[in-house]
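Remarks on the structure that follows.
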Amino acid sequence: TAQTSPPSSAMGLASRDEVRVILAVSFSALSALGSGLVVLVFLRFRRLHTFAFRIVFAIACNDLLASSSYFWSSASLGDEGGPACQLQAFASGYFYLASMAWSTATAYTMERVFRSARSLTTINQNSLQTKFLVCCQIFPLLCALMPFVFNAYGFAGAWCWVKSPERDPDYEMIRIFAYYLWAWLAIAYCTYAYTHIYCAYKDMMVNNAYGSGESAFATWKILRFYPLALLFSVAAGTANRVHEAFNPSPFVLQILHVSTETNLGTLDALIFFCNPLVRRELRIYFDKKINSAFTTSDMRPSELRQEPYESSRNFSILSRKSFPDGQNDYKMMMTESGMHD
Numbered sequence: 028t029a030q031t032s033p034p035s036s037a038m039g040l041a042s043r044d045e046v047r048v049i050l051a052v053s054f055s056a057l058s059a060l061g062s063g064l065v066v067l068v069f070l071r072f073r074r075l076h077t078f079a080f081r082i083v084f085a086i087a088c089n090d091l092l093a094s095s096s097y098f099w100s101s102a103s104l105g106d107e108g109g110p111a112c113q114l115q116a117f118a119s120g121y122f123y124l125a126s127m128a129w130s131t132a133t134a135y136t137m138e139r140v141f142r143s144a145r146s147l148t149t150i151n152q153n154s155l156q157t158k159f160l161v162c163c164q165i166f167p168l169l170c171a172l173m174p175f176v177f178n179a180y181g182f183a184g185a186w187c188w189v190k191s192p193e194r195d196p197d198y199e200m201i202r203i204f205a206y207y208l209w210a211w212l213a214i215a216y217c218t219y220a221y222t223h224i225y226c227a228y229k230d231m232m233v234n235n236a237y238g239s240g241e242s243a244f245a246t247w248k249i250l251r252f253y254p255l256a257l258l259f260s261v262a263a264g265t266a267n268r269v270h271e272a273f274n275p276s277p278f279v280l281q282i283l284h285v286s287t288e289t290n291l292g293t294l295d296a297l298i299f300f301c302n303p304l305v306r307r308e309l310r311i312y313f314d315k316k317i318n319s320a321f322t323t324s325d326m327r328p329s330e331l332r333q334e335p336y337e338s339s340r341n342f343s344i345l346s347r348k349s350f351p352d353g354q355n356d357y358k359m360m361m362t363e364s365g366m367h368d
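The numbering used here applies: residue 28 is where the sequence shown begins, and numbers increase by one.
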C-alpha cells in the first residue's frame with residue numbers, strides 16, 4: 028500500500044532524518060544569505076547591470092528561492108498531500124533546475140564570446156537574453172510540473188520531493204527526468220564548452236592572435252567557476268540516487284548529498300564576490316562612506332551648510348589616489364573582461 032505518513036516515529040523525525048533536516052536548513056540559510064547579498068549588490072550598483080552580470084543575477088535569484096524551500100521541511104512532513112509538502116517539492120525541484128540552467132548559460136555565453144572573437148563578429152545580447160529566459164526559466168518549469176501529472180510529489184525522506192523509489196520503482200524514472208538527466212546533460216555541455224574554449228585560446232596563442240581573444244579569455248576567467256559549482260553540487264546527489272536505486276545509501280553519502288546540494292547558493296555567492304569588478308565597486312562604495320563619515324564628523328553644522336560638496340570632493344581625491352586612471356580605468360576593466368553592454 029502507498030505510504031501516506033512521513034517516514035518517522037510518531038514523536039517526530041527519526042534521529043538521522045533530524046540530522047539531515049538540520050544540515051539542510053543550516054546550509055540553505057547560508058546559501059540564502061549569500062544569494063540575497065548578491066541580489067542586493069547587483070541592484071545597488073548600476074555599473075554591474077551588464078549582460079554577464081544579469082546572468083549571475085538570475086542564478087542568485089533562483090539560488091535564493093531554492094534555498095528558502097528547505098526552511099519549512101519539518102512543517103511539510105505533516106501532510107504529504109498538503110500545500111506545504113507540495114510547494115516544497117515543486118520549489119526545490121524548479122528553482123534548483125533553473126539555477127543549473129543559468130549556470131549552463133554562462134558556459135554557452137563564454138563559448139559564444141570566444142567564437143565571436145575569432146570571427147570578429149558581435150553578439151546580439153537581446154536575442155540571447157530572450158533565449159536564456161525561455162530555456163532557463165520556462166523549460167525547468169515544465170520539468171517541475173511533470174511530477175504533478177503522476178502524483179509523484181510527496182515524502183522523500185527528510186523533506187518533500189519526488190517520492191522514494193522504495194514505494195514505486197517508477198518514481199526513480201520520474202526523478203531522473205525531473206532533474207538528474209538535465210543536470211548531467213548540463214555538466215556534459217559545460218565540459219564540452221570548456222574544452223572548446225581552451226583549444227580555441229591555445230590556437231590563438233599559437234597563431235599570435237592573443238589580442239583578438241584576450242577579452243574573451245578574460246570573460247572565461249570570470250565566469251568559469253559557475254559550472255564548476257554546479258558539478259560540485261550535483262555529483263554527490265547523483266551518486267546517492269544511483270546507490271539508492273540498488274541498495275539503501277550509507278548515511279555518509281546522504282550527508283554529502285545534503286551538504287553539497289544546499290551549498291550551491293553559497294558557492295555562487297563566493298564566486299560573485301571574488302570578481303574584481305564587484306570588489307572594486309564595493310571598495311569605492313565603502314571608501315566613500317568612510318570618507319564622508321570622517322569629513323562630516325569634523326565639521327560644524329554651519330560648515331556643512333556652506334560646503335555641501337566637500338565630502339564628494341574629498342572622495343574624488345581618494346578615488347584618484349586609489350585608482351589613478353579613474354573612470355577610464357574602470358571602462359577599460361569592463362571592456363577587457365567582456366562585461367560591457
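Where a beta carbon is used, it is the ideal one built from N, C-alpha and C, also for glycine.
| Query | Result |
| --- | --- |
| Residues sharing a beta bridge with Val189, DSSP | Tyr180 |
| Secondary structure of Glu107, DSSP reduced to three states | coil |
| Alpha-carbon spacing of Leu50 relative to Arg307, whole angstroms | 34 Å |
| Stretch pair the segment 154-174 + the segment 118-131: three plus CB contacts closer than 8 Å | yes |
| Proximity winner among Pro275, Asp230, Thr222, Thr131, relative to Phe85 (alpha-carbon distances) | Per the sequence shown, residue 85 should be read as Ala rather than Phe. Cα-wise, what sits closest to Ala85 is Thr131. |
| CB of Ser119 within 8 Å of CB of Asp90, strictly | no |
| Backbone secondary structure at Pro277 - three-state DSSP | coil |
| Pro254 (DSSP reduced to helix, strand or coil) | helix |
| Test item: CB-CB of Ser100 and Trp188 under 8 Å | no |
| C-alpha gap between Leu304 and Val68, whole angstroms | 12 Å |
| Backbone secondary structure at Ile150 - three-state DSSP | coil |
| Anticipated Cβ contact below 8 Å, Thr133 with Ile82, distance rounded | 6 Å |
| Closest Cα partner of Thr136 within the set Arg71, Tyr253, Pro110 | Tyr253 |
| Per-residue DSSP class, three states only, for Cys226 | helix |
| The alpha helix (DSSP H) enclosing Leu67, as first and last residue numbers | 42-71 |
| Identity of the residue in Phe54, Val65, Ser42, Val48 nearest Cys4 by Cα | Past the edges of the chain, shown from 28 to 368, lies residue 4, and the structure says nothing about it. |
| Own chain residues within Cβ distance below 7 Å of Ala266, not counting five before or after | Leu280 |
| Residue of Asp314, Thr289, Ala227, Phe278 minimising C-alpha distance to Ser143 | Ala227 |
| Touch test, the segment 107-121 against the segment 149-160, Cβ-Cβ under 8 Å, three pairs minimum | no |
| Where Ala213 falls: helix, strand or coil (DSSP) | helix |
| Cα-Cα separation between Arg43 and Gly181, rounded to whole angstroms | 19 Å |
| Exposure label - Val176; buried when at least 16 CB within 10 Å | exposed |
| Rounded straight-line distance, which links the Cα of Thr287 to that of Val46 | 15 Å |
| CB contact flag (Phe122, Leu92, <8 Å) | yes |
| Sequence-distant residues of the same chain with beta carbon closer than 6 Å to His76, five excluded per side | none |
| Member of Gly264, Pro196, Asn178, Phe117 whose CA lies at the smallest distance from the CA of Leu370 | Since the first and last residues shown for the chain are 28 and 368, residue 370 lies out of range. |
| Proximity below 8 Å, CB of Phe259 to CB of Leu294 | yes |
| Contacting residues, own chain, Cβ-Cβ under 6 Å from Val261 (five flanking each side not counted) | Ala210 |
| Distance CB(Ala213)-CB(Met173) smaller than 8 Å | no |
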